[in-house]
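Participant:
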Amino acid sequence: MLGSTCDAFCTAYPLLCKDPSNVTLRGNFAAPNGDYYTQFWPSLSAGAPGDPDNYLSCGECFELIRTKADGTDYAVGEAGYTDPIYLEIVDSCPCSANSKWCCGSGADHCGEINFKYGCPLPKDSHHMDLSDIAMGRLQGNGSLTDGVIPTRYRRVPCPKPGNAYVWLRDGGGAYYFALSVVNTNGVGSVTAVEVKSADSSTWVALEHDPNYTSSRPQERYGAWVLPHGAGPFALPVGIRVTSPDGQQIVNEAAISTFTAPATSVAGFYYIDLGVQFT
94 MLGSTCDAFC TAYPLLCKDP SNVTLRGNFA APNGDYYTQF WPSLSAGAPG
144 DPDNYLSCGE CFELIRTKAD GTDYAVGEAG YTDPIYLEIV DSCPCSANSK
194 WCCGSGADHC GEINFKYGCP LPKDSHHMDL SDIAMGRLQG NGSLTDGVIP
244 TRYRRVPCPK PGNAYVWLRD GGGAYYFALS VVNTNGVGSV TAVEVKSADS
294 STWVALEHDP NYTSSRPQER YGAWVLPHGA GPFALPVGIR VTSPDGQQIV
344 NEAAISTFTA PATSVAGFYY IDLGVQFT
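Those letters in the sequence shown? Residues 94 to 371, per the working numbering, in order.
Written out as structure tokens, the structure reads:
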């Protein structure tokens with residue numbers, strides 16, 4: 094069923110399934126441990142609503158390289174070498190949900206892995222839950238033999254082909270709607286989303302969806318919702334998106350209807366914003 098849904102999605106939105114030039118990205122997803130940001134940059138959490146770790150990294154990209162157990166790199170062509178991959182952060186792995194692996198540095202897994210730097214995890218490391226596709230590429234030929242592998246990583250600009258898109262959730266209307274911004278180039282993450290009614294000149298800031306299960310904070314990762322009492326919004330609705338580096342992209346008539354077209358896949362109404370971050 095999942096395969097048929099993916100096929101239908103890629104038929105409806107082929108660009109969102111296309112890799113950038115010279116690198117694999119699509120299907121390479123990751124969820125870093127829940128204190129990814131506050132572990133390294135605690136100042137970012139000062140004054141931020143809720144737990145910023147579940148928001149700040151969503152959409153960002155990393156290059157990941159599989160290393161040997163002692164932390165050194167494989168030489169190209171050496172047995173065990175696989176090409177580096179690019180991956181996108183789409184979720185988080187909070188400590189409360191996975192205390193075994195997602196509670197940050199200092200965790201002791203000496204009885205489970207033989208990585209030189211894994212007993213315990215050093216201060217400057219963190220765990221990432223990877224998609225099966227990403228794990229298969231890093232282990233070679235789609236292999237999922239090992240459940241945990243040693244890697245090193247670096248932040249990279251997201252090489253997203255085409256424009257940014259909005260994923261408009263089902264059930265939206267003039268008084269309430271929820272959306273995510275995807276396929277964002279460059280920094281990759283989004284710090285603000287604003288909307289404007291067709292009969293107004295005022296931009297209204299959306300808020301992170303407060304309706305999530307407290308035991309699963311990762312579920313609120315990327316949804317932005319219209320604040321209570323802010324409607325009604327007349328069509329078309331304009332959208333303005335801000336990235337962490339201050340860039341803004343604007344489409345003054347982004348949402349022309351709250352009803353998904355017949356060509357879209359059920360539950361996946363994506364709108365091309367016609368613009369992109371540099």
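Ideal placement from N, C-alpha and C gives every residue a C-beta, glycine not left out.
So V330 and K289 are in contact, right, with Cβ under 8 Å, and what is the actual spacing, rounded?
Facilitator: That pair is a contact at about 7 Å.
Participant: In the DSSP assignment, what are the bridge partners of G265?
Facilitator: DSSP output for G265 lists no bridge partner at all.
Participant: Which partner residues of I226 appear in the DSSP bridge assignment?
Facilitator: According to DSSP, I226 bridges with nothing at all.
Participant: Assuming the contact rule is C-beta atoms closer than 8 Å, T335 and V283 should be a hit. Round their C-beta distance to whole Å, please.
Facilitator: T335 to V283, Cβ: 7 Å. Contact.
Participant: In whole angstroms, what separates the C-alpha of D184 from that of A347?
Facilitator: Answer to the nearest angstrom: the Cα atoms are 26 Å apart.
Participant: Could you check whether the Cβ of C154 sits closer than 8 Å to any Cβ belonging to chain D?
Facilitator: Of the protein chains in this structure there is only one, and it is not chain D.
Participant: So what does Q232 bridge to, in DSSP terms?
Facilitator: According to DSSP, which records beta bridges pairwise, Q232 is partnered with nothing at all.
Participant: By the three-class DSSP mapping on this structure, what secondary structure does A123 have?
Facilitator: Reduced to three states, the DSSP call for A123 is strand.
Participant: Can you list, in chain order, the residues of its chain whose CB lies under 6 Å from that of F326, leaving out five sequence neighbours each side?
Facilitator: So the list reads A267 and S290, once near-sequence residues are dropped.
Participant: Using a Cβ-Cβ cut-off of 8 Å (strictly less than) and excluding sequence neighbours within five positions of L237, which residues of its own chain qualify?
Facilitator: D225, M228 and G229, listed in sequence order.
Participant: For the beta strand (DSSP E) containing K289, name the first residue and the last one.
Facilitator: Start and end: A285 to K289.
Participant: In the structure shown, what three-state DSSP assignment does C251 receive?
Facilitator: C251: strand per DSSP, three-state reduction.
Participant: From the DSSP output, in three-state form, read off S97 for me.
Facilitator: In the structure shown, S97 sits in a helix (DSSP, three-state: H, G or I).
Participant: Tell whether a beta-carbon distance below 8 Å holds between D222 and A123.
Facilitator: The answer is yes: Cβ separation under 8 Å.
Participant: According to DSSP, simplified to helix, strand and coil, what is A327?
Facilitator: A327 falls in the coil class under three-state DSSP.
Participant: To the nearest angstrom, how far is the alpha carbon of D163 from that of E287?
Facilitator: Going from the Cα of D163 to the Cα of E287 covers about 47 Å.
Participant: From L36 to P107, what distance separates their C-alpha atoms?
Facilitator: Residue 36 lies beyond the range of the chain shown here (94 to 371); nothing can be said about it.
Participant: In angstroms with no decimal places, state the Cα-to-Cα distance between A316 and S273.
Facilitator: Distance between the alpha carbons of A316 and S273: 5 Å.
Participant: Using a Cβ-Cβ cutoff of less than 6 Å, which residues in the same chain neighbour R247 once the five nearest sequence positions on both sides are dropped?
Facilitator: Only E156 meet the Cβ criterion.
Participant: Considering only residues of the same chain and omitting the five flanking positions on each side of N191, which have a CB-CB separation below 6 Å?
Facilitator: Nothing meets the Cβ criterion.
Participant: If you count every other CB in all the chains shown that lies within 10 Å of the CB of A257, and 16 or more means buried, which is it?
Facilitator: Under this definition A257 is a buried residue.
Participant: Measure the beta-carbon distance from S349 to L366 and round it to whole angstroms, keeping in mind my assumption that it falls under 8 Å.
Facilitator: Not really, about 12 Å apart at Cβ, beyond 8 Å.
Participant: Suppose the cutoff is 7 Å on Cβ atoms and the five residues either side in sequence are ignored; what does the same chain contact list for E345 look like?
Facilitator: Same-chain partners within the cutoff: G331.
Participant: Starting from L157, trace the beta strand (DSSP E) in both directions and tell me its first and last residue.
Facilitator: Start and end: C154 to R159.
Participant: Quick one: is N276 buried, meaning 16 or more other Cβ sit within 10 Å of its Cβ, or exposed?
Facilitator: Buried, since its Cβ has 16 or more Cβ neighbours within 10 Å.
Participant: Compute the distance between the beta-carbons of N121 and Y167, then report whether it is under 8 Å.
Facilitator: Taking 8 Å as the Cβ cut-off, N121 and Y167 do not qualify as a contacting pair.
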